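One structure is given here, and the rest of the page talks about it.
Number of protein chains: 2
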Amino acid sequence: MPTSTVEQYIKTIYQQEERCAQDIVQMKQLSEAMGVTPGTATAMVKHLAERKLIRYEPRKGVRLTAGGRELALLMVRRHRLIETFLENVLGYDLSEVHEDAEKLEHAVSDKFIERIDAYLGFPPADPHGDPIPSAEGHIARRDSVPLDHCETGDTIRVARLRNDDPAFLLLMKEQHLTPGEAFVVIDKNETAGTMTVRHDARSRGPITPFTISMGNSSRIMVEPTGTK
Amino acid sequence: MPTSTVEQYIKTIYQQEERCAQDIVQMKQLSEAMGVTPGTATAMVKHLAERKLIRYEPRKGVRLTAGGRELALLMVRRHRLIETFLENVLGYDLSEVHEDAEKLEHAVSDKFIERIDAYLGFPPADPHGDPIPSAEGHIARRDSVPLDHCETGDTIRVARLRNDDPAFLLLMKEQHLTPGEAFVVIDKNETAGTMTVRHDARSRGPITPFTISMGNSSRIMVEPTGTK
DNA sequence: CTGTACTTTTTGATTAATCAAAATAAAACC
DNA sequence: GGTTTTATTTTGATTAATCAAAAAGTACAG
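The listed protein sequences correspond, in order, to chains A and B.
If you want the numbering used here, it's the 1-based position in the first sequence plus 9.
If you want the numbering used here, it's the 1-based position in the second sequence plus 9.
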């Protein structure tokens, strides 16, 4: 039985592989994501390699083994189901769910998770729009792209918000930039490093344009719904 | 912020004070209840005393300070609300709630607990019949007595089951010996160390008599409803 | 190819929680 | 009242996770 620290490292390695589309995660990246000193990460990584959860290539980085990926997906499942429960049932705000889920995911039993899943009606995705892995570790692939890959005139729908920062999530909520909402890209200014979008005329949101930095827009995953 | 181990020791000391109606808890009692060696308990107790959560009298035992009691009641509140949630909402069996609650109570936030409380409609007691302390640490006193203090002919109502052993709880459930049920004591055999009860004629349970050991009956708290 | 900057690993220490076993104190027993 | 039993404390060691700071390796800029 892995400790909750081990679970957290494995989940973090998975997330770094995913988010940065890398097959290997460097120590600096891992130690920063975990909020520990590099030496600590090195020590832990050796331990994880012994447990056969990752493959460790000294001075290069780490990658998950099949067993590690399985554990990571289990943790992601727990996290996303808990977040969904906190929002849908207990009325948490989207910006508040992450913190509590992060603690709970290491304390819940399999039984608890399966009961929550059933109670929620087996939701396919969490409130951020991220797909929830099945109990067997299958996860739906979605062909969404970061908003900053879109061009002026593209019509899109928000798929997921790939950022746990409460302030960011609050801002997105205020602008109704939440999963499912339809938008049009009305400007992309590479020089200024900003993008401007407004709600699709047919959607119920405000039509006031909203400008965001490229950095933030890379955390907003969208599905193209056509190009004007 | 106390670690979950500290929380567990404080809760255990509170429970030992309560269950055994003692004002001081010996080290042996504490170490056994915690499932650690006596030396470990001594070391921890010194630490708890430094944190002003208990008063430690070497070679005598420990007792909670006001601050310790406050923390203990907070933990009891968490435990009982979580148990209630697991049974009422997620459909856990009474014999299964304890184990999961024991882990969760150290991982939940105050916000989570207050939301659960509201979701459950501010229940006064958990599924064992134990009163749930308020957020301010007030707990309802109940004038219940252990079943083994009753005499033949007493009519009683089950108030709480003061035992977390799943097998015991399952047995009680099978016999409908659950909080709220009305019974008559039809025999008390001090020599054999057993007591026999049957459901009150007016109640919906079976009228087949049921015999239990004195040991077990001391864990069944009842409220007298009159003496024939 | 050489030096500076950056990343990674190593080393030595620390904290929380634990155990086993020896030492000590208190209680109980005849 | 001395002996035995039982409870408690002490001591020394261990494990998991961490940090700070020194050492070692890698990268690339000129």
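Backbone N, C-alpha and C fix where the C-beta goes; we use that ideal spot for every residue, glycine too.
None of the values given here were measured: they were computed from a predicted structure.
Less than 8 Å separates the beta-carbon of Arg169 of chain A from that of Asp139 of chain A. In this structure, Leu95 of chain B sits near Asp109 of chain B, with a CB-CB distance shorter than 8 Å.
Under the criterion of beta carbons closer than 8 Å, Thr161 of chain B and Asp209 of chain B do not qualify as touching, at roughly 15 Å.
A distance below 6 Å between beta-carbons, with the five flanking residues on each side excluded, links Ser226 of chain B to the following residues of its chain, in chain order: Leu156, Asp157 and Met204. Contact holds between the segment 101 to 116 of chain B and the segment 114 to 121 of chain A, because three or more Cβ pairs, one in each stretch, are under 8 Å apart.
Distances from the CA of Leu180 of chain A to each of A:Phe219, A:Arg72 and A:His56 were compared; the closest alpha carbon is that of A:Phe219. For Ser40 of chain A, the nearest beta carbon of chain B is not closer than 8 Å to its own beta carbon. Within its own chain, the residues whose Cβ lies closer than 7 Å to the Cβ of Ile148 of chain B, once the five positions on either side in sequence are excluded, are Leu82, Pro140 and Pro142, listed in chain order. The C-beta separation of Gly76 of chain A from Lys61 of chain A comes to about 6 Å, placing the pair in contact by the 8 Å criterion. In this structure, B:Phe192 is the residue among B:Phe192, B:Glu199 and B:Thr14 with its C-alpha nearest to the C-alpha of Thr217 of chain B. Here Val85 of chain B is actually not in contact with Val34 of chain B; their C-beta atoms are around 16 Å apart, not less than 8 Å.
Runs of the alpha helix (DSSP H) lying entirely within the segment 20 to 102 of chain B, each at least 4 residues long, are 36 to 43, 47 to 59 and 75 to 97 in chain order. A direct Cα-Cα distance of roughly 11 Å separates Gln31 of chain A from Gln38 of chain A. Among the residues of the segment 80 to 107 of chain A, those with a Cβ less than 9 Å away from any Cβ of chain B are Leu95, Val98, Leu99, Gly100, Tyr101 and Glu105, in the order of the chain. By the beta-carbon neighbour count (other beta carbons within 10 angstroms, threshold 16), Pro133 of chain B is exposed. Chain-order list of chain A residues neighbouring Phe219 of chain B: empty, with the shortest C-beta distance near 30 Å, by a criterion of under 7 Å. Rounded to whole angstroms, the gap between the alpha carbons of Gly224 of chain A and Arg87 of chain B is 41 Å. Selection A:Arg207, A:Pro215, A:Gly189 and A:Ala201 evaluated against Val231 of chain A yields A:Gly189 as nearest (Cα-Cα). For Tyr128 of chain B, the chain A residues whose C-beta falls within less than 9 Å of its own C-beta are Val98, Leu99 and Gly100, listed in chain order. Where Phe121 of chain B is concerned, the enclosing alpha helix (DSSP H) starts and stops at Asp119 to Tyr128. DSSP, read as helix, strand or coil, puts Ser104 of chain A in helix. DSSP, read as helix, strand or coil, puts Leu180 of chain B in helix.
In terms of Cβ geometry, Tyr23 of chain B and Leu103 of chain B do not form a close pair [threshold 8 Å].
Contact between Arg166 of chain B and Thr234 of chain B is confirmed by a C-beta separation of about 5 Å, below the 8 Å threshold. One Cα belongs to Gln17 of chain B, the other to Val45 of chain A, and the distance between them is close to 27 Å. Annotation for Arg124 of chain B: no residue places its beta carbon closer than 7 Å to its own, counting only its chain and skipping 5 residues before and after.
Taking 8 Å as the CB threshold, Lys197 of chain A stays off the interface with chain B. Around Ser153 of chain A, the same chain offers Ala168, Arg169, Met230, Val231 and Glu232 as residues with beta carbons nearer than 8 Å, after the five sequence neighbours per side are excluded. Looking at the DSSP output, His208 of chain B sits in a beta bridge with B:Phe192. With its beta carbon at least 8 Å from every one in chain A, Asp119 of chain B lies outside the interface. Measuring C-alpha to C-alpha distances from Gly100 of chain B to each of A:Tyr128, A:Glu92, A:Glu114 and A:Gly100 identifies A:Tyr128 as the nearest. Shown here, Leu186 of chain B sits in coil according to DSSP, grouped into three states, outside any helix or strand.
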